[in-house]
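Participant: Residue numbers (my numbering), protein chains in the order written: chain A, 29 to 354; chain B, 370 to 617.
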Amino acid sequence: MKKILAYLEPQKETLKRTSLEVISAARDLAGKLGIPFSGVLINGTPEQAAIAAEYGLAELTIVNHDQLSKYSYTAYAKCIEQVAKAEGADCIIFSANATGLDLAPRMSVKLGAGYVGDCVGIDVQDADLLVKKPVYAGKAQVSVKFYSDSKVLSLRPNVFTATKSDSPATLNIKQFTPELSDSDFKALVVSVAKNEGKLDVLEADVIVSGGRGIKGAENYNLIENLAGAFAGGAVGASRAVVDSGWRPHSEQVGQTGKTVSPSLYVACGISGAVQHLAGMSTSKVILAINKDKDAPIFKLADYGIVGDLFNVLPVLTDKIKKVTGR
Amino acid sequence: MNILVCVSRVPDTATKVIVGPDGKTIDPKGIKYIVNPYDELGIEEGLRLKEKNGGTVTVITVGTALSTDILRTALAMGVDKVVLVKGEEPSDSYYVATNLANYIKELNPDIIFLGRQSVDYDSLQMPSLLGEMLDIPSVSVVSKLTVEGGKAVAERDIEGGKEIVEASLPCIISCQKGLNDPRYPKLPDIMKAKSKPIDEREPVSVEAKTTVLSMSIPSKQRQNKVVGDTEADIDEIVKLLHEEAKVI
Ligand SMILES: Cc1cc2nc3c(=O)[nH]c(=O)nc-3n(C[C@H](O)[C@H](O)[C@H](O)COP(=O)(O)OP(=O)(O)OC[C@H]3O[C@@H](n4cnc5c(N)ncnc54)[C@H](O)[C@@H]3O)c2cc1C
Ligand SMILES: Nc1ncnc2c1ncn2[C@@H]1O[C@H](COP(=O)(O)O)[C@@H](O)[C@H]1O
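1. Between A80 of chain A and chain B, is the shortest Cβ-Cβ distance under 7 Å, so that the two count as touching?
2. Buried or exposed, going by whether 16 or more other CB atoms sit within 10 Å of the CB of N593 of chain B?
3. What's the gap between the Cα of M135 of chain A and the Cα of P397 of chain B?
4. In its own chain, which residues sit with a C-beta less than 6 Å from the C-beta of K312 of chain A, not counting the 5 before and 5 after it?
5. By a C-beta neighbour count over all protein chains shown, 10 Å radius and 16 as the cutoff for buried, is S588 of chain B buried or exposed?
6. Measuring alpha carbon to alpha carbon, tell me which residue in B:I527, B:G500 and B:C540 is nearest T515 of chain B.
7. Note down, in chain order, all residues in the stretch 150-180 of chain A with a beta-carbon under 8 Å from any beta-carbon belonging to chain B.
8. Taking the continuous alpha helix (DSSP H) assigned at N253 of chain A, which residues delimit it?
9. Is there contact here, the stretch 193-202 of chain A with the stretch 214-223 of chain A, by at least three beta-carbon pairs under 8 Å?
10. By the three-class DSSP mapping on this structure, what secondary structure does Y83 of chain A have?
11. Spatial neighbours of K513 of chain B within its chain, please: C-beta separation below 6 Å, excluding the five flanking residues on both sides.
12. Under 8 Å between beta-carbons, which chain B residues line up against K303 of chain A? List them in chain order, please.
13. In chain A, what lies closer than 7 Å to R552 of chain B by C-beta?
14. Give me the pocket residues for ligand 2, defined as CB within less than 7 Å of any heavy atom, sorted by chain position.
15. Pair every Cβ in the stretch 462-475 of chain B with every Cβ in the stretch 423-440 of chain B, then say whether three or more of these pairs are closer than 8 Å.
16. Would you call the stretch 380-400 of chain B and the stretch 577-591 of chain B touching, i.e. three or more CB-CB distances under 8 Å?
17. Note down, one range per segment and in chain order, each alpha helix (DSSP H) of at least 4 residues found wholly within the stretch 530-593 of chain B.
18. Applying a beta-carbon distance threshold of less than 7 Å, which residues of chain A neighbour Y490 of chain B?
19. So, do the stretch 296-308 of chain A and the stretch 560-576 of chain B have three or more beta carbon pairs nearer to each other than 8 Å?
20. Just reading off the alpha helix (DSSP H) that R45 of chain A is part of, what are its end residues?
21. With a threshold of 7 Å between beta carbons, is E528 of chain B in contact with chain A?
22. Can you determine whether any heavy atom of ligand 1 sits closer than 6 Å to the C-beta of H277 of chain A, and answer yes or no?
23. Nearest to L158 of chain A by CA position, among A:I150, A:A165 and A:Y164, is which residue?
24. Tell me whether K319 of chain A, by its Cβ, gets closer than 6 Å to a heavy atom of ligand 1.
25. Using C-beta distances below 8 Å, list every residue in its chain close to S52 of chain A, excluding the 5 sequence neighbours before and after it, in chain order.
26. Comparing C-alpha positions only, which one of B:K421, B:T384, B:S574 and B:P506 sits nearest to V522 of chain B?
27. Would G244 of chain A pass as an interface residue toward chain B - the criterion being a Cβ-Cβ separation below 7 Å?
28. Under the three-state reduction of DSSP, which class applies to L208 of chain A: helix, strand or coil?
29. Considering only heavy atoms of ligand 1, does any lie closer than 6 Å to the CB of H611 of chain B?
30. Assign K350 of chain A to buried or exposed, taking buried as 16 or more other Cβ atoms, counted over all protein chains shown, within 10 Å of its Cβ.
31. Examine ligand 1 and report whether any of its heavy atoms sits within less than 6 Å of the Cβ of I403 of chain B.
32. Check the Cβ of S574 of chain B against every Cβ in chain A and list those closer than 9 Å, keeping chain order.
33. When we look at the beta-carbon of K40 of chain A and count the other beta-carbons within 10 Å, is it buried (16 or more) or exposed?
34. Roughly how many angstroms lie between the CA atoms of Q110 of chain A and A329 of chain A, to the nearest whole one?
35. Can you grab the Cα-Cα spacing for the pair P572 of chain B / Y490 of chain B, in whole Å?
36. Whose CA, out of B:A445, B:L440 and B:A434, lies closest to the CA of E457 of chain B?
In structure tokens, the structure reads:
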């Protein structure tokens, strides 16, 4: 391998947290292989570049083009391709978030590269890359090797830690104007609807989920209050709750919902069906609250409280608030 | 409308996964295989488009002789035609995508439905891979769709919200839960599907770009500290979260 390119995404004035994870992983890998790494940021600012530098990025290409105010995956892929070629990069790393999952496979075709998505581990063995990814909804994991010279990866969010570099880099910024034509805009994002004021489970550091044990939509304030006791807490749900119409599908965690990996996952009144575990088993710490001491969720939990959630949650919420000061 | 749906054959989602003797794939013993749940959404959406606009719904899978069972399920749901690209167990996504792309060039469909992911390898790449190979737009993780006047307007799930994407036809749509409720095949249709023809094709061989070296069952060691629900118990848990796990 010759050079790694990290794909970075802006978020308001800063960079997405997942992008900081990508820089950190690229930096570690480049270090192990003794090769350089750089970044690419579309529609970025010098302030965002400065943040990347704190994480050890020394070279960044900022892509600007009038037409890029319109968001199109096909056009974005074209830009990254042109930057990768100009940089001589043969390994591109994305986050396995909505954008990354869309762009990364496209890049693999453009570069004739192999692609492994949703990686949870990157190792180097005999100067060769070995990556780990979950399969069968996380019930198993595979170790994958590339045959191709060029490689594209996407990293499961919140698995690789974002760490600042001990020696922040002096950043060298290149401005780049890509060549684009109208045919690159065959699919266009015409609008974005954000769930205002509510943190999505995919972006949350702490997730408190309710299951059928919560018994009705009217009791969900117990779940919301506990989530509110944490900075960066979001509300999730089991499929039983979503199917009952108590919460929207956007909050469902599991095989047919979202796959999350927060620092803390709190399962309240959730039995722990395999399809639910599929969406949260890589959480760093799991706390389960269930009145049935034999509920399968306890087997996967770090901590468990056997009890009636209607009694436990208010007390737990108060006690956690005392620690977090919220 | 000329509609194509790509389907994969996967273990039932409740399957207990055991690593097989080769150390790289799962032990298929006793496993019930089904149509990938996300692909059922694609079949349903295809059938609804046909019911509205007329046309044909074709279903294709790249697999082995064993894959005929899921094609029969598709026939029982009401699709017009099924295609099996029959070879060895697919080596990687590139092999599948190349073989799908070959058939798509022949069929020339207006719209192609896939699932957002195949719940076996969870490779999460086929829609974009195909889109790029065929140089047509693809929209992934779609939970709402309208197709009208030569274009598709799709609502796609992203972190913390939705994107509305407009794409010109032909295009690829990958289906997310919420798009529709797939129909259950009726018994007489299941019976009739048994004798319908399956169009079998030879695969083209493709040099693999990646390979699985080994498979393992992850065993993250969990603390498993379970307490009761007294005030002291809850104090203990908060203390552990704060001091041991350091998550608050
Ligand atoms: C193809 C397929 C895909 C699926 N995808 C998903 C998915 O994405 N996500 C998902 O979650 N599920 C999914 N499922 C469904 C899954 O199999 C389970 O049915 C579901 O997760 C059960 O939800 P639950 O734990 O809330 O309910 P239950 O299994 O009914 O469990 C309720 C729990 O609450 C406890 N309880 C009851 N009252 C109280 C109380 N007062 N205090 C404390 N505890 C209490 C009970 O002891 C019980 O353990 C899927 C299933 C299939 C077949
Ligand atoms: N072997 C296959 N044959 C036909 N379609 C497939 C095959 N594998 C995957 N697909 C399609 O691609 C989608 C995404 O799969 P994947 O990218 O492998 O997670 C699936 O939901 C199917 O629609």
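Just so you know, even glycine gets a beta-carbon here, dropped at the ideal spot from N, CA and C.
All values derive from a computational prediction rather than experimental measurement.
Facilitator: So, to answer that:
1. Between A80 of chain A and chain B, the shortest Cβ-Cβ separation is not below 7 Å.
2. Exposed, by the Cβ-count rule.
3. C-alpha separation (whole angstroms): 34 Å.
4. Cβ neighbours of K312 of chain A beyond the five flanking positions: S291.
5. By the neighbour-count rule (16 or more Cβ atoms within 10 Å), S588 of chain B is not buried but exposed.
6. That would be B:C540, whose Cα lies nearest to the Cα of T515 of chain B.
7. Answer set for the stretch 150-180 of chain A: L158, K161, P162, V163, Y164, A165, G166, K167, A168, Q169, V170, S171, V172, K173, F174, Y175 and S176.
8. Counting along the chain, the alpha helix (DSSP H) containing N253 of chain A begins and ends at N249 to G256.
9. In short, these stretches do not touch, since the Cβ pair count stays below three.
10. Residue state, collapsed to three classes: coil.
11. Cβ within range, chain order: E524.
12. Reading the sequence as shown, one finds Gln at residue 303 of chain A and not Lys. Those are T382 and A383, listed as they occur along chain B.
13. Within chain A, no residue has its beta carbon less than 7 Å from that of R552 of chain B; the closest one is some 17 Å off.
14. Working through the chain, the matches are B:C375, B:V376, B:S377, B:N405, B:Y407, B:D408, B:G411, B:I429, B:T430, B:V431, B:G432, B:P459, B:S462, B:V465, B:L469, B:L483, B:G484, B:R485, B:Q486, B:S487, B:Y490, B:D491, B:S492, B:L493, B:Q494, B:M495, B:P496 and B:S543.
15. Result yes; three or more Cβ-Cβ pairs closer than 8 Å.
16. Using a Cβ-Cβ distance cut-off of 8 Å, the stretch 380-400 of chain B and the stretch 577-591 of chain B are in contact, since at least three pairs of beta carbons, one from each stretch, lie closer than that value.
17. Runs of the alpha helix (DSSP H) inside the stretch 530-593 of chain B: 556-562.
18. The answer, in chain order, is V163.
19. No, the stretch 296-308 of chain A does not touch the stretch 560-576 of chain B.
20. That run of the alpha helix (DSSP H) goes R45 to L61.
21. Yes, its Cβ sits closer than 7 Å to a Cβ of chain A.
22. No - ligand 1 has no heavy atom lying nearer than 6 Å to the Cβ of H277 of chain A.
23. Nearest to L158 of chain A by alpha-carbon distance, out of A:I150, A:A165 and A:Y164, is A:I150.
24. Yes, the Cβ of K319 of chain A comes within 6 Å of a heavy atom of ligand 1.
25. In the same chain as S52 of chain A, and ignoring 5 residues on each side of it, the C-beta atoms closer than 8 Å to its own belong to Y83, G84, F188, T189, A190 and T191, in chain order.
26. Ranked by Cα distance from V522 of chain B, the first of B:K421, B:T384, B:S574 and B:P506 is B:P506.
27. No, its Cβ sits nowhere closer than 7 Å to a Cβ of chain B.
28. Reduced to three states, the DSSP call for L208 of chain A is coil.
29. Outside the cutoff, so no.
30. Exposed, since its Cβ has fewer than 16 Cβ neighbours within 10 Å.
31. No, the Cβ of I403 of chain B stays beyond 6 Å of every heavy atom of ligand 1.
32. Chain A residues near S574 of chain B: none, gap ~14 Å exceeds 9 Å.
33. K40 of chain A counts as exposed, since fewer than 16 other beta carbons sit within 10 angstroms of its beta carbon.
34. Distance between the alpha carbons of Q110 of chain A and A329 of chain A is about 46 Å.
35. About 20 Å.
36. Nearest option by C-alpha distance: B:A434.
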